[in-house]
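Undergrad: With the working numbering, letter number 542 in the sequence shown gets 597, and the count goes up by one each step, no holes.
Every residue gets a Cβ at the ideal spot worked out from N, C-alpha and C, and that includes glycine.
Here the structure is a predicted model, which is why all the values come from computation and not from measurement.
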Amino acid sequence: MCGIVGAIADRDVALVLLEGLKRLEYRGYDSAGLAIIDARAQLQCHRAVGKVNELEKLLVSKPLQGQIGIAHTRWATHGKPSDLNAHPHIANNEIAIVHNGIIENYEKLRARLVDFGCVLSSETDSELIAHLVYLHIQSGKNFLAAVQATITELEGAYAIGLLSRTEPNHFIAVRSGSPLVIGLGDQINFIASDQLALLPFTQQFIFLEEGDIADVRLNEVIIYDTHGNEVKRDIHYTKLDQEEMSKGKYQHFMQKEIFEQADSVIACLEGRLSYQRVISEAFGANANEIFKQIRHVQLVACGTSYHACLVGKYWLEEIAGISCQAEIASENRYRQHVVEPGTLYVTLSQSGETADTLAALRHAKTLGYAATLAICNVPESSLVRESDLVLMTGAGMEIGVASTKAFTTQLVALFLLTITLGRNSRIDQNSEAEYVKLLRAIPKKLRNTLMLDSDIKNLAIKLKDKNHVLFIGRGIEYPIALEGALKLKEISYIHAEAFPAGELKHGPIALIDSEMYAIALAPIEDSLDKLKSNLQEIRAREGKLIICTNEEAGFISDDQTSLLIMPHVHKFLAPLIYTIPMQLFAYHIAVMKGTDLDQPRNLAKSVTVE
Ligand code: G6P
56 MCGIVGAIAD RDVALVLLEG LKRLEYRGYD SAGLAIIDAR AQLQCHRAVG KVNELEKLLV
116 SKPLQGQIGI AHTRWATHGK PSDLNAHPHI ANNEIAIVHN GIIENYEKLR ARLVDFGCVL
176 SSETDSELIA HLVYLHIQSG KNFLAAVQAT ITELEGAYAI GLLSRTEPNH FIAVRSGSPL
236 VIGLGDQINF IASDQLALLP FTQQFIFLEE GDIADVRLNE VIIYDTHGNE VKRDIHYTKL
296 DQEEMSKGKY QHFMQKEIFE QADSVIACLE GRLSYQRVIS EAFGANANEI FKQIRHVQLV
356 ACGTSYHACL VGKYWLEEIA GISCQAEIAS ENRYRQHVVE PGTLYVTLSQ SGETADTLAA
416 LRHAKTLGYA ATLAICNVPE SSLVRESDLV LMTGAGMEIG VASTKAFTTQ LVALFLLTIT
476 LGRNSRIDQN SEAEYVKLLR AIPKKLRNTL MLDSDIKNLA IKLKDKNHVL FIGRGIEYPI
536 ALEGALKLKE ISYIHAEAFP AGELKHGPIA LIDSEMYAIA LAPIEDSLDK LKSNLQEIRA
596 REGKLIICTN EEAGFISDDQ TSLLIMPHVH KFLAPLIYTI PMQLFAYHIA VMKGTDLDQP
656 RNLAKSVTVE
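1) Given this structure, state the Cα-to-Cα distance separating K660 from L628, to the nearest angstrom.
2) Report all residues from its chain with a CB closer than 6 angstroms to the CB of E382; omit the five preceding and five following residues, and keep chain order.
3) Once DSSP output is grouped into helix, strand and coil, what is the label at D483?
4) Measuring CB atoms only, is the segment 120 to 131 touching the segment 56 to 66, in the sense that at least three cross pairs come out at less than 8 angstroms?
5) Tell me the start and end of each unbroken alpha helix (DSSP H) in the segment 166 to 199 that is at least 4 residues and wholly inside, in chain order.
6) Rounded to the nearest angstrom, what separates N605 and K302 at their Cα positions?
7) May I have the straight-line CA-CA distance separating R167 from L190, to the nearest angstrom?
8) For G211, report the span of its alpha helix (DSSP H) as first-last.
9) Measure how close the beta-carbons of G397 and A425 come, nearest whole angstrom, since I'm counting them as under 8 angstroms.
10) Hey, is the segment 389 to 409 in contact with the segment 487 to 504, meaning 3+ C-beta pairs nearer than 8 angstroms?
11) Given 8 angstroms as the limit, is there contact between the segment 177 to 185 and the segment 433 to 444, that is, 3 or more CB pairs closer than that?
12) Determine, using beta carbons only, whether S617 and I632 come nearer to each other than 8 angstroms.
13) Assuming contact is defined by CB atoms lying nearer than 8 angstroms, are A214 and I237 in contact in what I supplied?
14) Buried or exposed, going by whether 16 or more other CB atoms sit within 10 Å of the CB of T421?
15) When you measure from the CB of L658 to every non-hydrogen atom of ligand 1, does any distance come out below 7 angstroms?
16) Could you tell me whether the segment 513 to 520 touches the segment 645 to 660, where touching means 3 or more Cβ pairs closer than 8 angstroms?
17) Can you give me the Cβ contacts of P136 inside the same chain, cut-off strictly under 6 angstroms, excluding the 5 residues immediately before and after it?
18) Comparing C-alpha positions only, which one of R95, M506, E597, K512 sits nearest to S569?
19) Any heavy atom of ligand 3 closer than 7 angstroms to the Cβ of G61?
20) With hydrogens ignored, establish whether the beta-carbon of T412 is closer than 7 angstroms to any heavy atom of ligand 1.
21) Could you please give me the residues that DSSP links to G238 through a beta bridge?
22) Can you say whether G609 is buried or exposed, counting buried as having 16 or more other CB atoms within 10 angstroms of its CB?
23) Give the range of the beta strand (DSSP E) segment to which H643 is assigned.
24) Is DSSP giving D270 helix, strand or coil here?
25) Considering only C-alpha positions, which residue in the set P636, A204, N147 is nearest to M506?
26) Closest to T412 by CA distance: which of Y389, A384, Y400, R390 is it?
27) Counting C-beta neighbours from all protein chains within 10 Å, is the total for R66 16 or more, i.e. buried, or is it exposed?
28) Would you mind sorting I611 into buried or exposed? The rule is 16 or more other CB atoms within 10 Å of its CB.
29) Give the C-beta separation of A666 and M309 to the nearest angstrom, bearing in mind that I take them to be a contact with Cβ-Cβ under 8 angstroms.
30) If I'm right that E545 touches P630 with Cβ under 8 angstroms, what's the distance once you round it to whole angstroms?
31) Evaluate the contact criterion for the segment 327 to 334 versus the segment 456 to 475: three or more CB pairs, one atom per stretch, below 8 angstroms.
32) At a cut-off of 7 angstroms, is S404 close to ligand 1 when judged by its beta-carbon and the heavy atoms of the ligand?
33) Going by the CB atoms, is the gap between G449 and A322 shorter than 8 angstroms?
34) For the structure I just gave you, are there three or more beta carbon pairs, one from the segment 87 to 94 and one from the segment 247 to 258, closer than 8 angstroms?
35) Roughly how many angstroms separate the alpha carbons of L399 and G367, rounded to a whole number?
36) Could you give the residue range of the beta strand (DSSP E) that holds E538?
Right, dumping it as structure tokens:
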């Protein structure tokens, strides 16, 4: 989390940095700051609590001028959001730093620096790095050597950008555990946490490898690897389009992204289906060879992506007959694994930079899994680069912090995986052709479901003043209930919990009274009668129900029960379609409550710290 950007140019860079920060706000937005070296070789710095527009106001009233600078938008880890804890941090008016990540040996370093007489002005771990670099310079090293020496003392994850007042013709950037790209322009070079920050200025990028140090100059960028050897890294030309970063006719990015889902599923399926088959090479040229050995699957992710894993587990076991575990990455990485021979380790991530997921993958690679597969939305991400096989979800840029279209495309990707793996077990040519037909029908079903928007908005009015809402599902709908509860929590701040319907009687039913609303997901499926009994138990305790269902399921509305009648869909693909009302309930409730739903409090889109 936290976004960093830096630039060196033949012109003033303050406004370029500000523009970059605005595009990185999805990474954190509790404070922001910017430092430049001015024409008199002095470090100048502005910092402001709040979003980047607070920093912008400061820059309007007190402009900063200089041709080299670094900037930061923060998601607090060490120390609350405040002017003093905002980055850049400056040591002795000589070294400025912006940092994304966490320094784990922070306490030891802090004690050492305090003993040494350093005056620290913030509670952050990041400021320590600036002081360490300063001390190395004092001991006679040049700027680059001082940074190289400093990073040998750091434990943890970091992407950093550093300025030295006495060496204003370059700045230094380091990537170790947190993302960082170099942008190459005409008489201007950059660093940023994400290429999105730099799209208005350049389409040429270098993706630093773990441990790389970049010496960024006006006309060249020199990169050193972990061992200090100069290395060449490939230059990539991005096809990402700036237009994707505008809201178009929509009020919020999240709304736009919800309504894009039919198109993003089409994009996800593009090139993946032949007439009646899934093209397994879509996972990588050697995918077929690898898939032949696969007998088990371990799915790993965080947040919304984890909910996709839970749906994937149902599909893989029920459709493909392949045993599957799904686990949250931050748990998976820290426990003992029993790796069955022939297990495919699959990570799911919108960003491909989520620290826990990435760490889980790196750990898994040491444990003897048959192969690793990343299902991801960002082609240049670390997860993609570090996995054996890759399936890109192709959802397009997702900007709203609460994930929507990335989720539905992850589901499609998991369905493709299920069919592909199932070929070696249970799925014959005829059933594959049937599943392919189902997949092709999804975009239309999504469009029809999105047309229920105003019905969903009307139902949302019932929930907007509630403090608690329950989400109920059974079987393959349970993960979607979890996703509904997560969406509501994330953007409306209403406390929401999801339960498998059969579990209500083991505790949650104690919460039911006439004030409690439960949203139930109830398409026609095998356990519908059981679900109906569970919902009766809520009604018997005066609880209110909103049931998302289809006509054939036979529910009747009354004072206690409202219905949202959904398009009919095959039971296996119901999760995709029933996700839409979950997203739209949360969206409309958040709009009614007036929250900042594209950038909800305390959250960030890409969580690059543990
Ligand atoms: C953050 C985001 C969530 C997202 C999760 C995992 O918490 O706010 O929306 O689901 O990270 O992100 P990933 O990029 O790995 O899917």
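TA: So, from the data block:
1) About 27 angstroms.
2) Leaving aside the five residues that flank E382 on each side, the residues in its chain whose CB is nearer than 6 angstroms to its CB run, in chain order, V355.
3) coil
4) yes
5) 181 to 193
6) 32 angstroms
7) 12 angstroms
8) Unbroken run through G211 is the beta strand (DSSP E), 211 to 219; no alpha helix (DSSP H).
9) 5 angstroms
10) no
11) Short answer: they don't touch.
12) no
13) No, these two residues do not count as a Cβ contact at 8 angstroms.
14) The residue in question, T421, is exposed, as its Cβ has fewer than 16 Cβ neighbours within 10 Å.
15) yes
16) yes
17) Answer for P136: D85, S86, V104, listed in chain order.
18) E597
19) Questions concerning ligand 3 fall outside what the structure shown contains, since the ligands it does hold are ligand 1.
20) yes
21) F245, F260
22) exposed
23) Careful: H643 lies outside any beta strand (DSSP E), inside the alpha helix (DSSP H) at 629 to 648.
24) strand
25) P636
26) A384
27) exposed
28) By the C-beta density criterion, I611 is exposed, having fewer than 16 other C-beta atoms within 10 angstroms.
29) Look at the range of the chain in this structure, 56 to 665, and you will see that residue 666 is not part of it.
30) In fact, because the Cβ distance is near 19 angstroms, the residues do not count as touching under 8 angstroms.
31) yes
32) yes
33) yes
34) no
35) 13 angstroms
36) No beta strand (DSSP E) holds E538; the alpha helix (DSSP H) holding it covers 533 to 547.
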